[in-house]
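Read through the structure below, which is laid out as structure tokens, and then see the notes.
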Amino acid sequence: MIFTRILSLGRRAKYLLVDLGSEEVLIMHLGMSGRFTIIDPTQKQKPGTFHHETGGSSLHDHVVFHLENGARIIYNDPRRFGFMDIVPRNTLESCRHFKSMGIEPLGNALDGDHIRAVFEGKKAPLKAALLDQSLIAGLGNIYVCEALYRSGLSPKRRAGTLSSKRGAMQDKADKLADIIRDVLIEAVEAGGSSLRDFAQTDGSLGYFQHRFRVYDREDEPCVTKSCAGTIKRIVQSGRSTFFCPKCQK
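Going by the working numbering, the first residue of the sequence shown is number 2, and it counts up by one from there.
Dropping the structure here:
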């Protein structure tokens, strides 16, 4: 990639896309602990309450991009679950990473009709179905837990129960689609959720973790004023699920 020009940056689900002047696209996934840090010699910042040391241990710096303005973009990944790949631009949608991928949750295609269609006949728990990247791409564990809580839907409910085109279940599918979008937009505007590994490229932290209503709140009281329930944690498909058994049905 020596002397390769970067034309634009994009995203598909949880993948970062870099459109290159070589008519190729660099595909990057952060895995569980990957992060990018931008080191710009022209910027001087001191770590403090809202700004932390950029990046992790240099022992885990696996890729360094050197830009013509002197800046460096460092990819650091202690657990090494992330990866990078380069594909021809005209094969992007058909490449192995994206050919079976579902719709984008922030796009216009996500609505109640889509949820009813892809969940029809599915016996899997609703939480597992929402994390299925072939149905809706890009949803993660935290945001699915939060969206289900705000929708009043149990993560243990069969996904197929939302496929009804009449009555209350139709309304629930429509509401879930809207709330998924709302939760994601709110999280992006808050800078993401900083729990263990996540930070911005300049070292600053996200704030959405301060708005969690169920995630990581096991045994704490439900935040709904009319509810006397307690947040519970269960494990589904190897992932922690947080929910209120009283509010979510």
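Ideal Cβ positions, reconstructed from N, Cα and C, are used throughout, including at glycine.
message: Just list the residues that DSSP pairs Y76 with in beta bridges.
response: Numbered from 1 along the sequence shown, position 75 holds the residue referred to as residue 76. Answer by DSSP bridge pairing, in chain order: F37, V64.
- request: Could you work out which residue in G192, P246, V236, C146 is closest to F213 when comparing CA atoms only?
  value: Numbered from 1 along the sequence shown, position 212 holds the residue referred to as residue 213. In terms of Cα proximity to F213, the closest of G192, P246, V236, C146 is C146.
- prompt: Is K128 near T225, with beta carbons less than 7 Å apart?
  reply: Within the sequence shown, the letter at position 127 stands for residue 128. Within the sequence shown, the letter at position 224 stands for residue 225. No. Outside cutoff.
message: Once DSSP output is grouped into helix, strand and coil, what is the label at F120?
response: The count along the sequence shown starts at 1 and reaches residue 120 at position 119. In the displayed model, F120 falls within a helix according to three-state DSSP.
field: Residue nearest to P106 in terms of C-alpha spacing, selected from R182, R218, K100, S238
entry: For the purposes of this step, residue 106 is identified with residue 105 of the sequence shown, where counting begins at 1. Measuring from the Cα of P106, the nearest candidate turns out to be R182.
message: Our contact map puts E24 next to R90 with C-beta atoms below 8 Å; I'd like the distance itself, whole angstroms only.
response: Start at 1 with the first residue of the sequence shown, and residue 24 comes out as number 23. Start at 1 with the first residue of the sequence shown, and residue 90 comes out as number 89. With 8 Å as the limit, E24 and R90 qualify as a contact, their Cβ atoms being about 5 Å apart.
query: Rounded C-beta distance between G35 and D78? I'm assuming under 8 Å.
result: Within the sequence shown, numbered from 1, the residue matching residue 35 stands at position 34. Within the sequence shown, numbered from 1, the residue matching residue 78 stands at position 77. Taking the Cβ atoms as the reference, G35 lies roughly 4 Å from D78, within the contact range of under 8 Å.
- request: Could you say if the region 59-66 and the region 96-105 meet the contact criterion of at least three C-beta pairs nearer than 8 Å?
  value: no
task: Answer yes if the region 113-124 comes into contact with the region 216-223, meaning at least three C-beta pairs across the two stretches below 8 Å, and no otherwise.
output: no
task: Express the C-alpha separation of G103 and D1 in angstroms, rounding to a whole number.
output: No statement about residue 1 is possible, as the shown extent of the chain runs from 2 to 250 and does not include it.
- prompt: Can you check whether the CB of I186 is closer than 7 Å to the CB of R151?
  reply: Along the sequence shown, read from residue 1 onward, the residue named residue 151 stands at position 150. Along the sequence shown, read from residue 1 onward, the residue named residue 186 stands at position 185. No. Outside cutoff.
- prompt: How long is the line joining the alpha carbons of H67 and R81, rounded to whole angstroms?
  reply: Looking up residue 67 in the sequence shown gives position 66. Looking up residue 81 in the sequence shown gives position 80. Distance between the alpha carbons of H67 and R81 is about 21 Å.
task: Out of R117, K100, L31, point me to the one whose CA is closest to R167's CA.
output: Stepping through the sequence shown from its first residue, residue 167 is reached at position 166. Minimum Cα distance to R167 is reached at R117.
message: If you reduce the DSSP assignment to three classes, tell me which class V215 lands in.
response: To locate residue 215, count along the sequence shown from 1; it is residue 214. Correct three-state label for V215: coil.
field: Exposure of K100, with buried meaning 16 or more beta-carbon neighbours within 10 Å
entry: By one-based count along the sequence shown, residue 100 stands at place 99. Exposed, because fewer than 16 other Cβ atoms sit within 10 Å of the Cβ of K100.
- prompt: According to DSSP, what are the bridge partners of S241?
  reply: Taking the sequence shown and counting its residues from 1, one reaches residue 241 at position 240. DSSP lists V236 as partners of S241.
- request: Please list, in chain order, all residues of the same chain as I235 whose beta carbon is under 6 Å from its beta carbon, the five residues on each side excluded.
  value: On the sequence shown, position 234 is the one that residue 235 refers to. Cβ within range, chain order: T242.
- prompt: Rounded to the nearest angstrom, how far is the Cβ of V119 from that of L140, given a contact under 8 Å?
  reply: By one-based count along the sequence shown, residue 119 stands at place 118. By one-based count along the sequence shown, residue 140 stands at place 139. Here V119 is actually not in contact with L140; their C-beta atoms are around 13 Å apart, not less than 8 Å.
message: Can you tell me which residues form a DSSP beta bridge with L10?
response: If you number the sequence shown from 1, residue 10 lands on position 9. V19.
- prompt: Taking only beta-carbon atoms, is R73 less than 7 Å away from chain C?
  reply: You won't find chain C in this structure, because it holds only one protein chain.
task: Since I believe I74 is in contact with I39 (beta carbons under 8 Å), could you give me their beta-carbon distance rounded to a whole number of angstroms?
output: Numbered from 1 along the sequence shown, position 38 holds the residue referred to as residue 39. Numbered from 1 along the sequence shown, position 73 holds the residue referred to as residue 74. Their Cβ separation, rounded to whole angstroms, is 6 Å, which keeps I39 and I74 in contact under 8 Å.
message: Could you give the first and the last residue of the continuous alpha helix (DSSP H) run that contains L111?
response: On the sequence shown, residue 111 is found 110 positions in, with the first residue counted as 1. Where L111 is concerned, there is no enclosing alpha helix (DSSP H), given that its DSSP letter is neither H nor E.
message: When you compare the CB positions of G113 and A178, do they come within less than 7 Å of one another, or not?
response: Position 112 of the sequence shown, counted from the first residue, corresponds to residue 113. Position 177 of the sequence shown, counted from the first residue, corresponds to residue 178. It is a contact, given that the beta carbons lie within the stated cut-off.
message: Looking at C245: is its Cβ nearer than 7 Å to the Cβ of I232?
response: As a working mapping, residue 245 is identified with position 244 in the sequence shown. As a working mapping, residue 232 is identified with position 231 in the sequence shown. Yes.
message: Within the continuous alpha helix (DSSP H) that includes L132, where are the two ends?
response: As a working mapping, residue 132 is identified with position 131 in the sequence shown. No alpha helix (DSSP H) contains L132, which DSSP labels as neither H nor E.
message: Assuming L149 is part of the alpha helix (DSSP H), what are its boundary residues?
response: What you label residue 149 is simply residue 148 of the sequence shown in a count that begins at 1. Taken as a continuous stretch (DSSP letters only), the alpha helix (DSSP H) holding L149 covers 142-152.
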